[in-house]
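Residue numbers (the working numbering), protein chains in the order written: chain W, 533 to 922; chain D, 497 to 754.
Beta carbons: idealized from backbone N, C-alpha and C, even for Gly.
Keep in mind it's a predicted model, so treat the numbers as computed, not measured.
Structure first, then comments.
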Amino acid sequence: MQVILFHLMPYADLDLQKSSAYDTVWMKLPNALFDPVKGHQLYNRFLDELEYGETLGWDGVAVNEHHQTAYGIMPSPIVTASALARRTTRAKIAILGSALPLREHPLTIAEEHAMIDVITGGRLISGFVRGIGAEYHTFGVNPTFSHDRFHEAHDLIVRAWTDPGPFSFQGKHYNVSYVNLWPRPFQRPHPPIWIPSQGSKETIDWASHPDRRYTYLQTFSPAKAVEKYLNLYRETARGAGYEPGDHQLGWAVPVYVGASDEAARREAKPHFEIFRNRFLKMPFEMLLPPGYTSRESLRGIAAAKGSLSGDITLEKAVELGMFLCGSASTVCEMLESYWRDMRFGNLLTMCQFGTLPEDMTRANMERFARDVLPAIKALGTEKAEALATA
Amino acid sequence: MSFVESFVQIDGCKTRLLRGGQGAPLLYLHGANGVTGIQPFMLKLAERFDVWIPEHPGFGQSDEPDWLENIHDLAYYYLNFMRHHQLSGAHVLGSSIGGWLALEIAVRDTSRIKTLSLIGPSGIRTPGVVPGDVFLWSPEQRIRNTFHDQTLADRMLASPPSPEQQEILLKNRFTFARLAWEPRLHDPKLHKWISRIDVPTQIIWGEQDKILPVGAAQAFREAMPQASIAVVPDCGHLPQSERPDQFCDVLFKFLSGK
C-alpha cells in the first residue's frame, strides 16, 4: 500500500461569525476576510506539516487546487508543489489535481508539471480534474464544455509530454502551431496520471481504458460509495480485457487518531464538522451548473438533493465511513477492514481538516505514523498476504 | 383559432414548430424557458399575423445538433429556416435571449425581415447594469424573479413540473448555458456592427425586470439610436406573458403602418 498525506490547506482562521452572514464560503465570500498575515502563517504551517509527513514515513504528500474559497487557499497547487520539491527528498509529490478546463492554455500545465518532475528527479504524480462546479461560475468557463475541454486538454498534455516536438495540434478548443516542450518530463513515458473523482461512470470508463489505466481515486465519499466505484473500475477494466492492479485504485479520506476513541471523537468533532458543514458546503446550483454532469446523473442527484445540503455530524460521518476517527487500534481495524473489502493500493489520509489547529494536527500525524502507518503500508504486500492466510 | 404543430427538418436538425393565424408572417423567437404552451398573447398575435413559433434547436422537443455551440450557430440556422420556408417581409419578435438571437440574425441579413421587436433582450454589453445571475438562482428564485406580480409566481410554484417537464427544463437549461454562460448573455463584439440593422426596431421592457434590468435599455438606446423603446410598468422580464394586453397594444401600435 502506498500511503500519501493529503492537504487541502483551508483558511483555518476564518472569522466564523462574520462569514456566517453568507450561505457558503465559496465564490462570493468577500476576500476582505482573508488576512495575509494569517495566510502567511497558515501556508508555512501547512507546508511544514507536509514536509513533516515525509519525515514521519508517509510515501508521498499531496496538494490540490481550489479557487476563491476559504475551503482551500491553494488556487495554484503548482506553487505549493514547487515549495515542496526542494524541501522533500524522498516523498512523491502528488498534485491532485490540476483543473484542466479552467486554463486557457493546457500547455502551461504540461510545462509546469514537467518542470517539477525534472527538478525532483521523477517524484511527481500528475492528477487531472475538471474543477469543481463553483469554479465554472467563478472563472466563466462554460460548464457545458467541461468534459470536452478536459479530454482535449488531457490529449494535448500527454502528447506534449510524449510526442517528439515540434508538432502542431488542432483541436476544437485548443490550437497550437508548435508544441515542443522544454523541459520534457523526467519519468517515462510521463508522470503517472491520477484521476480523483466523487464517483462517475464516465470518469471510470475513461480512466480504466487499456490505453490509459490511470489510477482512480475516490474522494470524500461514504465507504459504500467508495466500494461501489472501485468495484466498477475493476469490472470496467475486466470488460475491456485486463485485470487492474490494486495500484490503480485509491481512497482519499480524512483521518483523526486520538489517545482513545472517546478522546478522538471529542477532539475532532468541532473541527471536522466545520470542515464538512461550513467549508465544504455550497448551494446546488453552484456545485452543479448545467452541463457539468450529465443530465442522467443530474436526475439522480436532484432526487438526493436534500441529503446533499444537510449537515452531517461526526458520528454520522464515522458511521458512513467518510471519516476515520478513533484510537490507533480502531482506525487500524477500520482501514484493514475496508481494505479487505475494497483492495485499494493507494490510501490518501487527510490529517488536517477545517479549523484543526497545528498542535492537534501534528499529534494526529504522529499517532497515525507510529501506530497505524506501518501496518497499513504492509497491506497488499506478500508479507500481509502470508499473515492473512496463516 | 388554433395553432398547428409540425416538425421541420433543416440542417440535420428536427425542430418543433407551432403555427397559427393569418396575415403577414411573424416569427416569434422564445427565450430560455422555451415554448411552454399557447399563451394569450400568441392568440392575440394570431388574430393579425401568420405566427410562427419554432422551438430553437436544443430546446423542448427539438433536436440537439452537434453543430449548436453558440448563438451564432442558431442565427445561421434561422437564416436557413427562413430561406427554407421562403419567409419574406417577416416581423421578427424575440424575447430575452430570443431577442439577442433576433439581433444576430438581423445584423447578418435583413432581406427577409420587415421589422424587429425585442422584449427585454440580452446581446450587447450593458455597462453599469449587471444581469441577475440566473445560473446561481434556485428554481424557485428563478420563477419569483421572472415576474413582478408574485401571484403569477405563486401559481407556477404551486404546480411543480412532471418528470417529462423536468426533462425539458434540464435540456433547455443546458442549451441556455451553452449559449449564454460566458461572456454572460452577450457578444462583446455585436455592438461593432449592430448599425447594419436597417429595419424599424422596437424594444419593449418590463420596468421591474430583475433578470435584465431596464437600465440596460440605455445601452440599446446608444447602440441603436433609431430604435423606439417602450417600458411596460408593473411588469417583470416577460411583458408578453405578464401583461399581454398592454404588451400587444404597444407592439401593434409599432407594427401597424409598417
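Outcome for residue i when other beta-carbon atoms lying within 10 angstroms are tallied against a minimum of 16
i         : result
Lys704(W) : exposed
Glu738(D) : buried
Asp743(W) : exposed
His599(W) : buried
His580(D) : exposed
Met720(D) : buried
His637(W) : exposed
Gln549(W) : exposed
Thr913(W) : exposed
Glu684(W) : buried
Arg717(D) : exposed
Lys688(D) : exposed
Phe699(W) : exposed
Val500(D) : exposed
Trp714(W) : exposed
Asp591(W) : buried
Pro656(D) : exposed
Ser691(D) : exposed
Ser752(W) : Rather than Ser, the amino acid found at residue 752(W) in this sequence is Phe. Phe752(W) comes out buried.
Lys667(D) : buried
Gln736(D) : buried
Gln702(W) : exposed
Asp555(W) : exposed
Thr511(D) : buried
Thr938(W) : Lying before the first or after the last residue shown, residue 938(W) is absent from chain W, which here runs from 533 to 922.
Phe670(D) : buried
For residue i, the first and last residue of its enclosing beta strand (DSSP E)
i         : result
Val711(W) : Asn707 to Val711
Pro728(W) : Ile725 to Ser729
Gly571(W) : Where Gly571(W) is concerned, there is no enclosing beta strand (DSSP E), although the alpha helix (DSSP H) it sits in stretches over Pro568 to Leu588.
Gln505(D) : Val500 to Ile506
Cys509(D) : Cys509 to Gly517
Gly592(W) : Gly592 to Val595
Gln480(W) : Within the shown structure, residues of chain W are numbered from 533 to 922, placing residue 480(W) beyond reach of any answer.
Leu523(D) : Ala520 to Leu525
Tyr788(W) : Leu781 to Gly790
Asn878(W) : Asn878 to Met882
Tyr748(W) : Thr747 to Thr751
Gly771(W) : Gly771(W) -> not in any beta strand (DSSP E); alpha helix (DSSP H) instead, spanning Ala755 to Gly771.
Span of the alpha helix (DSSP H), counted from its first residue to its last, around residue i
i         : result
Asn896(W) : Glu890 to Asp903
Ser740(W) : Lys733 to Ser740
Phe577(D) : Ile567 to His580
Ile806(W) : Asp793 to Ile806
Trp596(D) : Ile593 to Arg604
Asn668(D) : Pro659 to Ala676
Met483(W) : Examination of residue 483(W) is not possible in this model, given that chain W is present from 533 through 922 alone.
Cys871(W) : For the sequence presented, residue 871(W) should be read as Trp rather than Cys. Ala860 to Met874 is the span of the alpha helix (DSSP H), which, as asked, contains Trp871(W).
Met538(D) : Pro536 to Ala542
Met818(W) : Phe816 to Leu819
Gln736(D) : Pro735 to Glu738
Arg655(D) : Reading off the sequence shown, one finds Ser at residue 655(D), where the question assumed Arg. No alpha helix (DSSP H) contains Ser655(D), which DSSP labels as neither H nor E.
Ala692(W) : Ser678 to Thr694
Trp563(D) : Here Trp563(D) belongs to no alpha helix (DSSP H), and DSSP marks it neither H nor E.
Ala615(W) : Pro609 to Ala617
Below-8 Å beta-carbon distance, residue i vs any chain C residue
i         : result
Ala542(D) : Of the protein chains in the structure, W and D, none is chain C.
Got a sec: which bits of the stretch 663 to 689 of chain W sit with their beta carbon under 9 Å from any beta carbon on chain D, in order along the chain?
Answer set for the stretch 663 to 689 of chain W: Tyr668, His669, Phe671, Gly672, Val673, Asn674, Pro675, Thr676 and Phe677.
Residues of the stretch 812 to 825 of chain W with a CB closer than 9 Å to any CB of chain D: list them in chain order, please.
Pro815, Phe816, Glu817, Met818, Pro821, Pro822 and Gly823
Near-chain W residues of the stretch 631 to 642 of chain D - C-beta to any C-beta below 8 Å
Phe631, Leu632, Trp633 and Ser634
Looking at chain W, which residues of the stretch 676 to 694 of chain D have a Cβ within less than 8 Å of any of its Cβ atoms?
Trp677, Glu678, Pro679 and Arg680
Going along the stretch 653 to 670 of chain D in order, which residues come within less than 9 Å of chain W, judged by CB to CB distance?
Pro659, Gln662, Glu663, Leu666, Lys667, Arg669 and Phe670
Segment contact flag, the stretch 563 to 572 of chain D with the stretch 582 to 592 of chain D, C-beta cutoff 8 Å, min 3 pairs:
no
Any contact between the stretch 560 to 570 of chain W and the stretch 897 to 906 of chain W? By contact I mean 3 or more CB pairs, one from each, below 8 Å.
no
May I ask you to verify whether the stretch 647 to 657 of chain D touches the stretch 786 to 802 of chain W, counting CB pairs closer than 8 Å and requiring at least 3?
no
At least 3 beta-carbon pairs within less than 8 Å: the stretch 702 to 715 of chain D vs the stretch 726 to 734 of chain D:
yes
Along the stretch 627 to 655 of chain W, what residues have a CB closer than 8 Å to any CB found in chain D?
none
Given 8 Å, three or more beta-carbon pairs between the stretch 623 to 635 of chain W and the stretch 566 to 579 of chain W:
no
Where the stretch 750 to 771 of chain W meets chain D: residues whose CB sits under 7 Å from a CB there:
Per Cβ criterion, the list is empty.
For the 8 Å Cβ check, are there 3 or more pairs between the stretch 756 to 775 of chain W and the stretch 728 to 737 of chain W?
yes
Three or more beta-carbon pairs under 8 Å between the stretch 538 to 552 of chain D and the stretch 518 to 528 of chain D, yes or no?
yes
Looking at chain D, which residues of the stretch 534 to 565 of chain W have a Cβ within less than 8 Å of any of its Cβ atoms?
none
Three or more C-beta pairs under 8 Å: does that hold for the stretch 653 to 670 of chain W against the stretch 574 to 584 of chain W?
no
Alpha helix (DSSP H) segments (min. 4 residues) lying fully within the stretch 598 to 646 of chain D
635 to 642
Is it the case that the stretch 862 to 881 of chain W contacts the stretch 806 to 813 of chain W, given that we only count it when at least three CB pairs across the two stretches are under 8 Å?
no
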